[in-house]
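Peer 1:
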Amino acid sequence: MNIVRFIPGLVAAALVLAFPARSAAQGQPVAPQLPGCTWNCYSVVLPYGLYVREVTDGGSYVTLEDGSVWEIRMPQRPVASSWVPGDFVQLTNIAAPVDQFEILLAHGDYDRAEARLAGRDRPPQPEFPQE
23 MNIVRFIPGL
33 VAAALVLAFP
43 ARSAAQGQPV
53 APQLPGCTWN
63 CYSVVLPYGL
73 YVREVTDGGS
83 YVTLEDGSVW
93 EIRMPQRPVA
103 SSWVPGDFVQ
113 LTNIAAPVDQ
123 FEILLAHGDY
133 DRAEARLAGR
143 DRPPQPEFPQ
153 E
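Residue numbers (this note's numbering): 23 to 153.
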């Protein structure tokens, strides 16, 4: 009998037995997962939509009625800059986010902007003061 082909299995079994707590911790999800999902599976319960409180910095940031401040992805900033206080925007998850812009803010049928949470109550201050 050739024992060489059983060595990888024995090594794997020894590692699982030697580090049971570490392997068990890696098997637990960090957040609730959607059933049957294999990629980008963490669910965040979003409100259906919220009203715009203010749009700042030429559409770079949108503050919603709950105080959440959303940074808008560069290509959609002209779209967001046309929104005014009182406009209703829907919030949905993006299936394939780019640069952590994971939420889609949609106003009507055609005005859509990819966004990521930037903070609460006021937009971040620019690093360099504007003159």
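The beta-carbon is built from N, C-alpha and C at its ideal position, and this holds for glycine as well.
Alpha carbon to alpha carbon, how far is residue 101 from residue 80? Give it in angstroms, no decimals.
Peer 2: Numbered from its first residue, the sequence shown carries residue 80 at position 58. Numbered from its first residue, the sequence shown carries residue 101 at position 79. So the alpha carbons of these two residues sit roughly 10 Å apart.
Peer 1: Could you say which of 90, 93 and 78 lies nearest to residue 104 if we only look at CA atoms?
Peer 2: Translated into the one-based positions of the sequence shown, residue 104 becomes position 82. The shortest C-alpha separation from residue 104 is found at 78.
Peer 1: Taking buried to mean at least 16 other C-beta atoms within 10 Å of its own C-beta, is residue 83 buried or exposed?
Peer 2: Along the sequence shown, read from residue 1 onward, the residue named residue 83 stands at position 61. With 16 or more other Cβ atoms within 10 Å, it is buried.
Peer 1: Please name the residue, chosen from 123, 91 and 115, that lies closest to residue 67 on a Cα-to-Cα basis.
Peer 2: Position 45 of the sequence shown holds residue 67. Comparing Cα positions, the closest option is 115.
Peer 1: Reducing DSSP to helix, strand and coil, say where residue 6 ends up.
Peer 2: One cannot answer for residue 6 here, as it falls past the ends of the chain, which runs 23 to 153.
Peer 1: Taking the beta carbon of residue 118 as the centre, do at least 16 other beta carbons fall within 10 Å, making it buried, or is it exposed?
Peer 2: The residue labelled residue 118 in the question sits at position 96 within the sequence shown. When all chains shown are included, residue 118 counts as exposed.
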